[in-house]
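Residue numbers (the numbering used here): 153 to 442.
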């Protein structure tokens, strides 16, 4: 992608210097590594806050109060921090314009860089969870070491694949602003786990579609894409499909347990947003076929 000279967002908090939070607990309650592993199975790479899964496993509810490390700006000589700050700025520009066209105002999320663990309004965040969005404080959290996992373990290298990670989480923020996240939360406990998983898939695929909408508008306004960029994002989407992850882990696929969608579905909905650039075209909840 063509990032040179582009604006960097001011909405970035760097907590890496604080060394994160101490202790192996989660939200004040002890959680074993097995539970963390289960949470990663449910939301391995991108998606609904995996801390929700851990809270359910521990029999608790999301934390309403947390203490955060003092917010600092990333150092100017940190290239990865500069990269994600630039991607965040570009999502701000796109979604501001989209919301204005729809007659509303876009509220910018914060992006928090952390290392190891950090406090959030949704509980204690851990790097092992991968990137996540917390609707309670409207912040995206990422340990930048995750990009090494993305490249070396998931087989999805490239700067556009990295940008896709941020754009997907910002897509969850857009869902939150649109009230979709609240409606989803209200369904918990009202439907069976299988049905809730199916709704979760639609939520995730919509965030994939929203990331495609961002790429469409960014390309139209600033011609950011270079040859191979779209292929990088499509490869990332394929690597993180529920079927691909389950097959690589267990050698079998259990569709009723899907929470993010298959590789083909994730690719299809990202491509849908990329080609059409339409928020209305991302209504996965009304789609008969995913």
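Yeah, the Cβ is synthetic: ideal placement off N, Cα and C, and Gly gets one too.
| request: Counting only runs of 4+ residues fully inside the segment 268-312, write out the alpha helix (DSSP H) ranges in chain order. | output: Listed in chain order, the alpha helix (DSSP H) runs fully inside the segment 268-312 are 298-304, counting runs of at least 4 residues.
| task | May I ask you to report which of helix, strand or coil DSSP gives residue 357? | result | Helix at residue 357.
| field | Nearest to residue 159 (by Cα), restricted to the options 166, 254, 236 and 262 | value | Sorting 166, 254, 236 and 262 by C-alpha distance to the C-alpha of residue 159 places 236 at the top.
| Hey, residue 322 and residue 243 are a contact pair by Cβ (cut 8 Å); roughly how many whole angstroms apart? | With 8 Å as the limit, residue 322 and residue 243 qualify as a contact, their Cβ atoms being about 5 Å apart.
| query | Any idea if residue 269 is buried or exposed, counting beta-carbon neighbours within 10 angstroms, 16 or more meaning buried? | reply | Residue 269 should be labelled buried.
| Measuring CA to CA, which of 294, 430 and 434 is closest to residue 164? | Each of 294, 430 and 434 was checked against the Cα of residue 164, and the nearest Cα belongs to 294.
| Among residues of its own chain, excluding the 5 on either side of residue 431, which ones have a beta-carbon nearer than 7 Å to its beta-carbon? | Closer than 7 Å at Cβ, skipping near neighbours: 250 and 365.
| query | Leaving out the 5 sequence neighbours to the left and right, which residues in its chain are closer than 8 Å to residue 246 when beta-carbon positions are compared? | reply | Once the five neighbours on either side are set aside, the close Cβ partners of residue 246 are 365, 366, 369, 370 and 373.
| Buried or exposed by the 16-neighbour rule on C-beta atoms within 10 Å, applied to residue 227 | Per the 10 Å Cβ criterion, exposed.
| said: Based on DSSP bridge pairs, tell me the residues matched to residue 262. | reply: DSSP, once it has assigned bridges, lists 291 as partnering residue 262.
| task | Evaluate residue 292 with the Cβ neighbour count: other Cβ atoms within 10 Å of its Cβ, from every protein chain shown; 16 or more gives buried, anything less gives exposed. | result | The C-beta of residue 292 has 16 or more other C-beta atoms within 10 Å across all chains shown, which makes the residue buried.
| said: Going by DSSP in three states, residue 375 sits in which element: helix, strand or coil? | reply: In this structure, residue 375 counts as coil in the three-state DSSP scheme.
| field | Buried versus exposed call for residue 437 [16 or more other C-beta atoms within 10 Å across all chains shown] | value | Taking a 10 Å sphere around the C-beta of residue 437, we find fewer than 16 other C-beta atoms and assign the residue as exposed.
| field | Selected residue, minimal CA-CA separation from residue 240, among 319, 354 and 442 | value | Checked all of 319, 354 and 442; the closest Cα to residue 240 is 319.
| query | For the alpha helix (DSSP H) that residue 252 lies in, which residues bound it at each end? | reply | Per DSSP, residue 252 belongs to the alpha helix (DSSP H) from 231-253.
| task | Decide if residue 358 is buried, meaning its Cβ has at least 16 other Cβ atoms within 10 Å, or exposed. | result | Per the 10 Å Cβ criterion, buried.
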